[in-house]
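These notes are about the structure you will find just below.
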Amino acid sequence: MKIILQVALLFGICWLSQCVEAVLPFSLPASIIGMAALLVLLGLGVIRTEHIQEKSDFLLGNLPFFFVPAVVSIMNYVDVLRSNLVALLVICLVSTVVTFVVTVWAVRLTIRWMERGKR
Numbered sequence: 029m030k031i032i033l034q035v036a037l038l039f040g041i042c043w044l045s046q047c048v049e050a051v052l053p054f055s056l057p058a059s060i061i062g063m064a065a066l067l068v069l070l071g072l073g074v075i076r077t078e079h080i081q082e083k084s085d086f087l088l089g090n091l092p093f094f095f096v097p098a099v100v101s102i103m104n105y106v107d108v109l110r111s112n113l114v115a116l117l118v119i120c121l122v123s124t125v126v127t128f129v130v131t132v133w134a135v136r137l138t139i140r141w142m143e144r145g146k147r
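This is how it looks when you write it as structure tokens:
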């Protein structure tokens with residue numbers, strides 16, 4: 029029964045985020061709205077991690093299965109991928125380097141803030 033309640037909670041937040049997306053005057057994905065709502069609810073203590081822990085662990089443990097349909101659908105566009113291979117490789121390389129640099133910067137900034145808090 030506990031897992032059913034956890035699933036209901038997560039899907040309820042997902043459903044509400046889709047409702048919010050439908051009424052917004054600008055484009056914002058429901059998944060982003062849902063994650064932000066879950067973060068706010070967790071931050072405010074309305075939802076505790078124990079409320080969603082088991083189901084979240086299950087979903088994270090089976091995450092690769094959620095990518096199978098996307099990978100299979102990419103196979104329909106192999107000709108497009110081949111014709112744009114160089115551009116795709118450059119984009120992947122640049123975005124990876126940028127992600128690493130921003131991550132290092134964020135970690136250093138976080139460490140600096142934590143050291144100031146200890147003083």
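Okay, so the sequence shown: first residue is 29 according to this note's numbering, each after it adds one. For glycine and all other residues, C-beta sits at the position ideal for the given N, C-alpha and C. Here the structure is a predicted model, which is why all the values come from computation and not from measurement.
For residue i, count the other beta carbons within 10 Å of its own beta carbon; 16 or more makes it buried, fewer makes it exposed. Which is it?
i     : result
Gly62 : buried
Gln34 : buried
Lys83 : buried
Ser45 : buried
Considering just the uninterrupted stretch of the alpha helix (DSSP H) at residue i, what are its terminal residues?
i      : result
Met63  : Ala58 to Leu72
Phe93  : Leu91 to Ile102
Met142 : Leu113 to Lys146
Ser45  : Lys30 to Val51
Between the Cα of residue i and the Cα atoms of the options, which residue gives the shortest distance?
i     : options                       : result
Phe86 : Ile31, Lys146 and Arg144      : Ile31
Trp43 : Leu52, Ser55, Phe54 and Ser59 : Ser59
His79 : Cys47, Ala98 and Ile41        : Ile41
Short of 8 Å in beta carbon distance, which residues of its chain neighbour residue i, apart from the five on each side in sequence? Order them along the chain.
i     : result
Leu24 : Shown here, the chain extends from 29 to 147; a query on residue 24 therefore has no answer.
Ile75 : Leu37, Leu66 and Leu69
So, for residue i: in the same chain, excluding its five sequence neighbours on each side, which residues have a beta-carbon less than 6 Å away from its beta-carbon?
i      : result
Glu143 : none
Would you say the beta carbon of residue i is closer than 8 Å to some non-hydrogen atom of the ligand SAM?
i     : result
Gly89 : Of the ligands one can find in the structure shown there are none, so the ligand SAM has no counterpart to examine.
Excluding the 5 residues preceding and the 5 following residue i in the sequence, name in chain order all residues of the same chain whose CB lies nearer than 7 Å to its CB.
i     : result
Phe39 : none
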